[in-house]
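Numbering (the numbering used here), first residue to last: 73 to 257.
For each residue, glycine too, the CB sits at the ideal point set by N, CA and C.
This one's a predicted model, so the numbers in the text were calculated from it and none came from an experiment.
First the structure, in the form of structure tokens, and then the observations on it.
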């Protein structure tokens, strides 16, 4: 019985070979690592979805024709989510107003939409006035901000596009017109 226990506790032959040949395995592993990473400097990223379709794909041809007729546009959305969960405050509206103005300076920006530059139309006597929904938010009072909130929540083209339904987040949408000459754009 003791002989059977001794024989079952013999060292694993592969483990012994690994220990004996450890330097050979380490050098071999490093060589494999170097060979596998040799081309890493030539890896590239192409953000254009057209790389997934053949040049004669009907859907790709239709998209190319559509963009040739009208235009190609890409967009960036900056999401504003204040910690207090309230978009309609002097501080947050001032921030969105500033982000909107700065977004026009982005390369290739063609249009910028936010709650602050949304074209609000109202009547004053016999005049029809069109102006940005928020002008100079830094100097607005609570009553004026509350009025803007009520107007904004009554416009379906703003709700769930430029502001969330519960008014805890807002977006600044930047429409870009990239020339399509480089993937670095």
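- Membership of residue 95 in any beta strand (DSSP E) is not indicated; the residue belongs instead to the alpha helix (DSSP H) covering 94-108.
- When only Cα atoms are considered, residue 126 and residue 132 end up about 8 Å apart.
- Nearest Cα to residue 165 within the set 124, 102 and 207: 207.
- In the structure shown, the three-state DSSP call for residue 132 is helix.
- Around residue 151, the same chain offers 241 and 243 as residues with beta carbons nearer than 7 Å, after the five sequence neighbours per side are excluded.
- Counting the other Cβ atoms within 10 Å of the Cβ of residue 112 gives fewer than 16, which makes it exposed.
- Within the stretch 140-200, the complete beta strand (DSSP E) segments of 3 residues or longer fall at 146-152, 181-185 and 191-196, listed in chain order.
- For residue 225, the enclosing alpha helix (DSSP H) has its first and last residue at 214-225.
- Taking residue 194 as the centre and dropping the five residues before and after it, the same chain places the C-beta of 201 closer than 7 Å to its C-beta, in chain order.
- One Cα belongs to residue 247, the other to residue 224, and the distance between them is close to 21 Å.
- By a beta-carbon distance limit of 8 Å, residue 159 contacts residue 239. Their separation comes to about 5 Å.
- Partner residues in the beta bridge of residue 231, as assigned by DSSP, are 235.
- Proximity to residue 173 across 163, 180 and 189 peaks at 189, based on C-alpha coordinates.
- Between residue 136 and residue 250, the C-beta spacing is not below 7 Å.
- Around the beta carbon of residue 209, 16 or more other beta carbons sit within 10 angstroms, so the residue counts as buried.
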